[in-house]
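A.B. asks:
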Amino acid sequence: MLRKLDTLQRIEIAEGVEIQLHVAGPLPRGIAFALDVIVRGLIFGLVMLAESFLADLIFPEIFADPKVQGGMALLLWFVLDFGYFICFEASDRGATPGKRWLGLKVVRPSGVPVTWHQSVVRTMLRGVDLLPFCGLVGFIASLCNDRFQRLGDLAADTMVVYAEPGDSKDRLEAMDEVAPFRPPASLTREDQAAIVQYADRFGEWPAQRAEELAGYVQELTRVKGREGVTRLLGIAQWIRGAG
Amino acid sequence: MKPSAFARRGENRWREIEGMLDDLDRSGGVVPEASRIPALFRQLCGDMSLAQYRMYGLKLCERLNRLVIRGYRHLGRDRSNPLEALWLGIWRDFPVLIREEWRLFCVVLVCFWGPFLGMYFSSFHDMQWTVSCLGPGTMESLEKQYGIGSGARDYRDSFGENFQMFGFYIANNVGIDFRTFAGGILGGVGTLFSVVFNGLYLGAAAGFVRQEGDFAKFLDWISGHSAPEFLGLVFSAMAGFRLGMALIRPGRLTRGHALALAAKRAVKLLYAAAVMTMLAAVIEGFWSPLVLPWEFKFLFGALVTFLLLAWMLLVGKEGRRAD
Numbered sequence: 001m002l003r004k005l006d007t008l009q010r011i012e013i014a015e016g017v018e019i020q021l022h023v024a025g026p027l028p029r030g031i032a033f034a035l036d037v038i039v040r041g042l043i044f045g046l047v048m049l050a051e052s053f054l055a056d057l058i059f060p061e062i063f064a065d066p067k068v069q070g071g072m073a074l075l076l077w078f079v080l081d082f083g084y085f086i087c088f089e090a091s092d093r094g095a096t097p098g099k100r101w102l103g104l105k106v107v108r109p110s111g112v113p114v115t116w117h118q119s120v121v122r123t124m125l126r127g128v129d130l131l132p133f134c135g136l137v138g139f140i141a142s143l144c145n146d147r148f149q150r151l152g153d154l155a156a157d158t159m160v161v162y163a164e165p166g167d168s169k170d171r172l173e174a175m176d177e178v179a180p181f182r183p184p185a186s187l188t189r190e191d192q193a194a195i196v197q198y199a200d201r202f203g204e205w206p207a208q209r210a211e212e213l214a215g216y217v218q219e220l221t222r223v224k225g226r227e228g229v230t231r232l233l234g235i236a237q238w239i240r241g242a243g
Numbered sequence: 244m245k246p247s248a249f250a251r252r253g254e255n256r257w258r259e260i261e262g263m264l265d266d267l268d269r270s271g272g273v274v275p276e277a278s279r280i281p282a283l284f285r286q287l288c289g290d291m292s293l294a295q296y297r298m299y300g301l302k303l304c305e306r307l308n309r310l311v312i313r314g315y316r317h318l319g320r321d322r323s324n325p326l327e328a329l330w331l332g333i334w335r336d337f338p339v340l341i342r343e344e345w346r347l348f349c350v351v352l353v354c355f356w357g358p359f360l361g362m363y364f365s366s367f368h369d370m371q372w373t374v375s376c377l378g379p380g381t382m383e384s385l386e387k388q389y390g391i392g393s394g395a396r397d398y399r400d401s402f403g404e405n406f407q408m409f410g411f412y413i414a415n416n417v418g419i420d421f422r423t424f425a426g427g428i429l430g431g432v433g434t435l436f437s438v439v440f441n442g443l444y445l446g447a448a449a450g451f452v453r454q455e456g457d458f459a460k461f462l463d464w465i466s467g468h469s470a471p472e473f474l475g476l477v478f479s480a481m482a483g484f485r486l487g488m489a490l491i492r493p494g495r496l497t498r499g500h501a502l503a504l505a506a507k508r509a510v511k512l513l514y515a516a517a518v519m520t521m522l523a524a525v526i527e528g529f530w531s532p533l534v535l536p537w538e539f540k541f542l543f544g545a546l547v548t549f550l551l552l553a554w555m556l557l558v559g560k561e562g563r564r565a566d
């Protein structure tokens, strides 16, 4: 069930192990895109400004011609329009400046950086994904699959993930002091996983919620309230083999 | 084994590969002892699956997961050079791919020339369709450029003007190629629209000039760049149809898988289209406005067409394409 609820994508890589990638949803991606549009505009403005200053110094008879400058502006805009996304996403970082600020990254489903071809495809199809306004097509497409892939991602076989997946804070210092407790009945692997995850996430909820959750397995812990929580954590410790 | 003992035992190895990956990130892919990375990485993978299986807790598993992802990114990275791929494409892959896709080529030809010729010949009987297709603005500019009284050959004369138009041709025409391709993802409908529309529009323009303007001047102008420009549209439309076909008829694959496979082929056709259209922009920007005897310009146009046909039909060898 967790697999369906979570934005974590489990991917088996060539070495036979599963890695977990944290897929990014439409909101951070939309913000990143808006930032990219601004950055791209700034680059365009700066280069054209620099060009107009330099034009008077180098070959003014060619570069100071407003028609030449108009042509350069068109060329530059064309190169930036497509090249900005293609080059940044195919680079080693795999992210445009906007994506970097939001901690995102474009990867192949196996988690490795995209190729140039993939970068080109997803950039070309961005226009369709932005139709008819505010990226509605891409938004709907990304809701129709569990990797939040827009049409360009589907065609290019790419996805956008958080560059630094899951880094839980060290909130379990106190855990080490919990004495391991042998569960009174044998547990299936799935049960064990659920209890260990309870311990992993312990501290994310208020105490009442932790007690309520522990209350659901009272058959196992045999005690109520705070003690039940401690005992459940103890079982988790026992499963991990700590003690 | 207790989680703490496991972490103690692995710590040095993990530190080592972490340091190497830091160096790799900084140096852009070159570190002296890089040859040890694969072995360390395999060990790391083993550690991670052990930690996951034994449920050593989120924190340890997340740390190993991050390390594995980082290592995998470096090991699985694509180091190919895009310019080299383009060069090889021009001299080997693109023509082979175009020949393999000859059916799509024919489909695009029909979709373009049908509307073109229909529109062109309709102007011989009645200009009504032509007029409504072009609109007053276009007719005015065509009149200005190719009208009977527009002067024998007063094309652009300054470098600045040529360069400005060159920039416009690149931005506009290559942009049209890209959109024609992108429209393919809508089941090919966008691509079909683009091809048919271009056929109708250009047919109407040709018919209009034939009836109302100086047709010889028109031919003189388009003779040089029309072949690469047309092929650019054809190749981008083939690429778009390739995408669309994957959605309409995915065969035994899922639609998503078929689409991803089709895009791999289509993107090469798109590169070929971009090369053609850029070539056309250079010719249209700097050669077509030259005032030369029309025999010269026609000969040049014939030469370009011949070379492009030879490229399409002869370059590259079937079965030796590197996918």
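Chains A and B are the protein sequences, given in the same order.
Under my numbering, the first residue of the first sequence carries the number 1, and numbering increases by one thereafter.
Under my numbering, the first residue of the second sequence carries the number 244, and numbering increases by one thereafter.
Glycine is no exception: its CB is placed at the ideal position from the N, C-alpha and C atoms.
Which residues, in order along the region 112-125 of chain A, keep a beta-carbon less than 7 Å from a beta-carbon of chain B?
C.D. replies: For the region 112-125 of chain A, which is checked against every Cβ of chain B, the residues closer than 7 Å are V112, P113, T115, W116, H117, V120, V121, M124 and L125.
A.B. asks: Taking the beta carbon of C288(B) as the centre, do at least 16 other beta carbons fall within 10 Å, making it buried, or is it exposed?
C.D. replies: As a first step, residue 288(B) must be located in the second sequence, where it is residue number 45. Buried, by the Cβ-count rule.
A.B. asks: Give a yes or no on whether the minimum CB-CB distance between P246(B) and chain A is below 8 Å.
C.D. replies: If you number the second sequence from 1, residue 246(B) lands on position 3. For P246(B), the answer is yes, since a Cβ of chain A falls inside 8 Å of its Cβ.
A.B. asks: Less than 8 Å between CB atoms is the rule here; does E12(A) satisfy it with respect to chain B?
C.D. replies: Within the first sequence, residue 12(A) is the residue found at index 12, counting from 1. It does not; no Cβ of chain B falls within 8 Å.
A.B. asks: Could you say which of E261(B), S437(B) and A447(B) lies nearest to C354(B) if we only look at CA atoms?
C.D. replies: As a working mapping, residue 354(B) is identified with position 111 in the second sequence. Ranking E261(B), S437(B) and A447(B) by Cα distance to C354(B) puts S437(B) first.
A.B. asks: Is K105(A) helix, strand or coil when you go by DSSP?
C.D. replies: Here residue 105(A) corresponds to residue number 105 of the first sequence, with the count starting at 1. Note: K105(A) maps to strand in three-state DSSP.
A.B. asks: Mind checking whether I428(B) and V128(A) have CB atoms under 8 Å apart?
C.D. replies: Against the second sequence, residue 428(B) aligns to sequence position 185. Against the first sequence, residue 128(A) aligns to sequence position 128. Cβ atoms of I428(B) and V128(A): closer than 8 Å.
A.B. asks: Ordered along the chain, which non-local residues of its own chain (more than five positions away) have a Cβ less than 7 Å from that of V120(A)?
C.D. replies: As a first step, residue 120(A) is located in the first sequence; it is residue number 120 there, counting from the start. Counting only Cβ-Cβ distances below 7 Å, and skipping sequence neighbours, we find I86.
A.B. asks: For E12(A), which residues does DSSP report across the bridge?
C.D. replies: One-based indexing of the first sequence puts residue 12(A) at position 12. DSSP output for E12(A) lists E18(A) as bridge partner(s).
A.B. asks: Can you pull out the residues from the region 481-508 of chain B whose beta carbon lies closer than 7 Å to at least one beta carbon of chain A?
C.D. replies: Flagged, chain order: L486, G499, L502, A503, A506 and K507.
A.B. asks: From K460(B) to P358(B), what does the alpha carbon distance come to, in whole angstroms?
C.D. replies: Counted from its first residue, the second sequence places residue 460(B) at position 217. Counted from its first residue, the second sequence places residue 358(B) at position 115. Approximately 23 Å, taken between the alpha carbons.
A.B. asks: Between L258(A) and V137(A), is the Cβ-Cβ spacing less than 8 Å?
C.D. replies: As displayed, chain A neither begins before 1 nor continues past 243, which places residue 258(A) out of reach and without an answer.
A.B. asks: Would you report the Cα separation of G253(B) and P325(B), rounded to the nearest angstrom?
C.D. replies: Taking the second sequence and counting its residues from 1, one reaches residue 253(B) at position 10. Taking the second sequence and counting its residues from 1, one reaches residue 325(B) at position 82. Near 40 Å, if we compare the C-alpha coordinates of P325(B) and G253(B).
A.B. asks: Quick one: does P325(B) have its CB under 8 Å from some CB of chain A?
C.D. replies: Against the second sequence, residue 325(B) aligns to sequence position 82. Yes, P325(B) lies at the interface with chain A (some Cβ there is under 8 Å from its Cβ).
A.B. asks: Should the region 442-458 of chain B be regarded as contacting the region 496-511 of chain B, the criterion being three or more beta carbon pairs within less than 8 Å?
C.D. replies: Touching, no, given that fewer than three Cβ pairs across the two stretches are closer than 8 Å.
A.B. asks: Using a threshold of 8 Å, state whether the C-beta atoms of G426(B) and V432(B) are closer than that.
C.D. replies: Here residue 426(B) refers to the residue found at position 183 when the second sequence is read from its first residue. Here residue 432(B) refers to the residue found at position 189 when the second sequence is read from its first residue. Yes, the Cβ-Cβ distance between G426(B) and V432(B) is below 8 Å.
A.B. asks: Would you mind listing the beta strand (DSSP E) stretches within the region 86-151 of chain A that are 3+ residues and don't spill past its ends, in chain order?
C.D. replies: Complete beta strand (DSSP E) runs here, min 3: 104-107.
A.B. asks: Along the chain, where does the alpha helix (DSSP H) that runs through V232(B) open and close?
C.D. replies: Nothing can be reported for residue 232(B), as the shown portion of chain B is limited to 244 through 566.
A.B. asks: Chain A beta carbons: is any one of them nearer than 8 Å to that of F436(B)?
C.D. replies: Residue 436(B) sits at position 193 when you count from the first residue of the second sequence. Answer no: the Cβ-Cβ gap between F436(B) and chain A never drops below 8 Å.
A.B. asks: Grouping DSSP H, G and I as helix and E and B as strand, with all else coil, what is G430(B)?
C.D. replies: Numbered from 1 along the second sequence, position 187 holds the residue referred to as residue 430(B). It is coil, neither helix nor strand.
A.B. asks: Measure the CB-CB distance between I31(A) and L102(A) and report whether it falls below 8 Å.
C.D. replies: Within the first sequence, residue 31(A) is the residue found at index 31, counting from 1. Within the first sequence, residue 102(A) is the residue found at index 102, counting from 1. Yes, these two residues count as a Cβ contact at 8 Å.
A.B. asks: Per DSSP, what are the beta-bridge partners of M258(A) in this structure?
C.D. replies: What is shown of chain A runs 1 to 243, which leaves residue 258(A) out entirely.
A.B. asks: At a CB-CB cut-off below 7 Å, which residues of chain A make contact with M298(B)?
C.D. replies: Counting from one through the second sequence, the residue named residue 298(B) turns up at place 55. Ordered by position in chain A, the residues that pass the 7 Å Cβ test against M298(B) are Q192, A193, V196, I239 and R240.
A.B. asks: If I'm right that I280(B) touches I312(B) with Cβ under 8 Å, what's the distance once you round it to whole angstroms?
C.D. replies: For this step, residue 280(B) is matched to residue 37 along the second sequence. For this step, residue 312(B) is matched to residue 69 along the second sequence. With a Cβ gap of about 14 Å, I280(B) and I312(B) do not count as contacting.
A.B. asks: Return no unless some Cβ of chain A is closer than 8 Å to the Cβ of F478(B).
C.D. replies: Residue 478(B) sits at position 235 when you count from the first residue of the second sequence. It does not; no Cβ of chain A falls within 8 Å.
A.B. asks: Taking Cβ-Cβ distances below 8 Å as the criterion, which residues of the region 59-80 of chain A are in contact with chain B?
C.D. replies: Residues I62, D65, P66, K67, V68, G70, G71, M72, A73, L74, L75, W77 and F78.
A.B. asks: Tell me which residue opens and which closes the alpha helix (DSSP H) that A489(B) is part of.
C.D. replies: In the second sequence, residue 489(B) corresponds to position 246, counting from 1. Taken as a continuous stretch (DSSP letters only), the alpha helix (DSSP H) holding A489(B) covers S469 to I491.
A.B. asks: For D321(B), count neighbouring Cβ atoms within 10 angstroms of its own Cβ and tell me buried if that reaches 16, exposed if not.
C.D. replies: By one-based count along the second sequence, residue 321(B) stands at place 78. D321(B) comes out exposed.
A.B. asks: Who pairs with G264(A) in a beta bridge, going by DSSP?
C.D. replies: An answer regarding residue 264(A) cannot be provided, because it is not within the stretch 1 to 243 covered by chain A.
A.B. asks: Rounded to whole angstroms, what is the Cα-Cα separation between R10(A) and M159(A)?
C.D. replies: Looking up residue 10(A) in the first sequence gives position 10. Looking up residue 159(A) in the first sequence gives position 159. Approximately 13 Å, taken between the alpha carbons.
A.B. asks: Use the C-beta contact count for Q454(B): other C-beta atoms within 10 angstroms, 16 or more gives buried, fewer gives exposed.
C.D. replies: One-based indexing of the second sequence puts residue 454(B) at position 211. The residue in question, Q454(B), is exposed, as its Cβ has fewer than 16 Cβ neighbours within 10 Å.
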